[in-house]
Amino acid sequence: MVRPLGYRSCWSMPILSYQGQVLGTFALYSREPGTPSAEQIDLISMAAHLAGIAIERRQSEERIQFMAHHDALTGLPNRVLFDERVASALQQARMTGHWVALAFLDLDNFKLINDTLGHHAGDELLRVVAGRMLACVRKSDMIVRVGGDEFIILLNSLPPESSVMLARLEAIRAAIGAPVVLAGRSIQVSCSMGVVCYPDHGETTTELLANADSAMYRAKEVGRNNLQVFDAQMAAKAHEKLRRHEELRDAVASGEFVLHYQPQMNLKTGRIFAAESLLRWQHRERGLISPGEFIPLAEETGLIVPIGDWVLNEACRQNKAWQDAGLPPIVVSVNVSARQFKERNWVSRVAAALEESGLEACYLELELTESLIMQDVTSAVATMHELEALGVHLAIDDFGTGYSSLSALKSFPVRRLKIDRSFLVQDIPGDADDQAITGAIISLAQKLQMHVIAEGVETQEQVDFLRASGCDDIQGYFFSRPVGPAAFVSLLLQ
36 MVRPLGYRSC
46 WSMPILSYQG
56 QVLGTFALYS
66 REPGTPSAEQ
76 IDLISMAAHL
86 AGIAIERRQS
96 EERIQFMAHH
106 DALTGLPNRV
116 LFDERVASAL
126 QQARMTGHWV
136 ALAFLDLDNF
146 KLINDTLGHH
156 AGDELLRVVA
166 GRMLACVRKS
176 DMIVRVGGDE
186 FIILLNSLPP
196 ESSVMLARLE
206 AIRAAIGAPV
216 VLAGRSIQVS
226 CSMGVVCYPD
236 HGETTTELLA
246 NADSAMYRAK
256 EVGRNNLQVF
266 DAQMAAKAHE
276 KLRRHEELRD
286 AVASGEFVLH
296 YQPQMNLKTG
306 RIFAAESLLR
316 WQHRERGLIS
326 PGEFIPLAEE
336 TGLIVPIGDW
346 VLNEACRQNK
356 AWQDAGLPPI
366 VVSVNVSARQ
376 FKERNWVSRV
386 AAALEESGLE
396 ACYLELELTE
406 SLIMQDVTSA
416 VATMHELEAL
426 GVHLAIDDFG
436 TGYSSLSALK
446 SFPVRRLKID
456 RSFLVQDIPG
466 DADDQAITGA
476 IISLAQKLQM
486 HVIAEGVETQ
496 EQVDFLRASG
506 CDDIQGYFFS
516 RPVGPAAFVS
526 LLLQ
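When the sequence shown is numbered by this note's numbering, its final residue is 529 and no position is left out of the sequence of numbers.
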């Protein structure tokens, strides 16, 4: 190569990094045979040193650029790079008439794999899934990890035929579902996929992603492990859900909630000794809305925490107001959501509500569901003991519908079990099995020195059966529906 140029000698020096790694070489060529002079060696050394600094800086810039646009775990592009690429893809589709498909993908039951096999296995699964998806797409397409176990698939320049788009996406789903060995175990993972295509399902990236997300949640709703293409019905549902979100946030801000109270009667004395506080939404247009319509939405949006705080404070305030008015002191129970219970400062919030209202702790009962406690028994029991130390009473709500073990139950510092109406009481006394189960729960509670209250009691026959079985208390339409504070005072005075 150099002979035509007349070079007769070369002296080469390695370009080294700061850590001593070889990055390249710097060479000096001469038309005269011989070794370089001392000045020339100094020149080469200085040039190699400066080149090393320049190369390392360039590599650092490239690494920073890559990290800014890619996911560290899988090496896939992230949302930043996706937003840049999808805008270009949509612009090209406008000019060519081709379709662009976007798929929002979520792995099914990924949390279970993390919990059982560990996070290292979960990370390895994400890398395997990323590799399998990349093997199914063209270089012009894009796979993006948006966080956790969620991915976006961008398919470019598709012919305007849904069969072509669906075939490619189903091939990706099939590849993901192939067995994989993690932590020495062979497992299979499925995914739920929501699909949109441009221009049929949206004009902008934001609109397309929102609709793909709605379609993905529809895939989850119908049983997971399937693909759903966005349609007009999903659009209407998504808009309605967004409207309800906004309404609920406004309701929290403007204080549109009220509490009703359902009395609890002791079967021996026939007197009201407690009341369960039940939340209602006083909607400006729709009137009184029951919690079954909005509590799931509140839990999904995280609004259940401020709503739950309001319920706790209002129940304490109202009970103290009744006592100050000279009414017989009663216990008011408050339902606690799983999201509330997991808040780090939950116990201090309860203490603050008692202190602010002036209510003694013995007149407050917190109702916890079985499923809430069993999510993390050790942590739940520790929190329950802290609440018990405040002097607050605890009850297990909906007993019989959850999955608490007897060994765990004996460690719970609870005062009462509430037998769920849907599982037990509603078919009594006609159903012999329900009678047997209810009797067993009552007997179990007595042996554990707990009181038992039956919910949903509606008939005299049910009252007679429960009294004969040794049940302590009842709650239900037989005695009273949930009523407002003024109507509850009338019941209490009677």
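We put the CB at the ideal spot given by N, CA and C, even for glycine.
A distance of 9 Å or more separates the beta carbons of L452 and A467. In this structure, the beta-carbon distance from V179 to I187 falls below 9 Å. In this structure, the beta-carbon distance from R352 to L313 does not fall below 9 Å. When F329, F61 and I207 are compared, the shortest CA-CA separation from G166 is found for I207. In the DSSP secondary-structure assignment, N301 is bridged to D508. Note that the segment 253–272 does not touch the segment 486–494; fewer than 3 beta-carbon pairs, one per stretch, sit closer than 8 Å. In the three-state DSSP reduction, K146 falls in the helix class (H, G or I). In the structure shown, the three-state DSSP call for E311 is strand. V216 and L161 have their C-alpha atoms roughly 13 Å apart. With three or more CB-CB distances shorter than 8 Å, the segment 219–230 counts as touching the segment 128–141. Per DSSP, the continuous beta strand (DSSP E) segment holding G322 begins and ends at G322 to I324.
Under a 10 Å Cβ-count criterion, T241 is classified as exposed, with fewer than 16 other Cβ atoms of the shown protein chains found around its own Cβ.
If you ignore the 5 residues before and after S221, its C-beta comes within less than 6 Å of the C-beta of P214, all in its own chain and listed in chain order. Counting other Cβ atoms within 10 Å of its Cβ, M419 reaches 16 or more and is therefore classed as buried. In this structure, A333 lies near I339, with their beta-carbon atoms less than 9 Å apart. Relative to the Cα of P298, the nearest Cα in the group F308, G290 and S289 belongs to F308. Positions of the beta strand (DSSP E) runs, each at least 3 residues long and wholly inside the segment 44–132, are given as 44–51 and 57–65 in order along the chain. Counting other Cβ atoms within 10 Å of its Cβ, A254 reaches 16 or more and is therefore classed as buried. Within the model, the alpha-carbon separation for S372 versus M251 is close to 26 Å. Residue environment analysis places K146 among the exposed positions, since fewer than 16 neighbouring C-beta atoms fall within 10 angstroms of its C-beta. The beta carbon of R315 is closer than 6 Å to those of V293, H295 and L323 in its chain, skipping five residues each way along the sequence. Taking G69 as reference, the option from S52, I79, H84 and C45 with the minimal CA-CA separation is C45. Between L425 and L389, the CB-CB gap stays under 9 Å. By the beta-carbon neighbour count (other beta carbons within 10 angstroms, threshold 16), R43 is exposed. Three or more beta-carbon pairs drawn from the segment 357–369 and the segment 394–406 are found closer than 8 Å, and the two stretches are therefore classed as touching. Within 10 angstroms of the beta-carbon of I99 lie fewer than 16 other beta-carbons, which makes it exposed.
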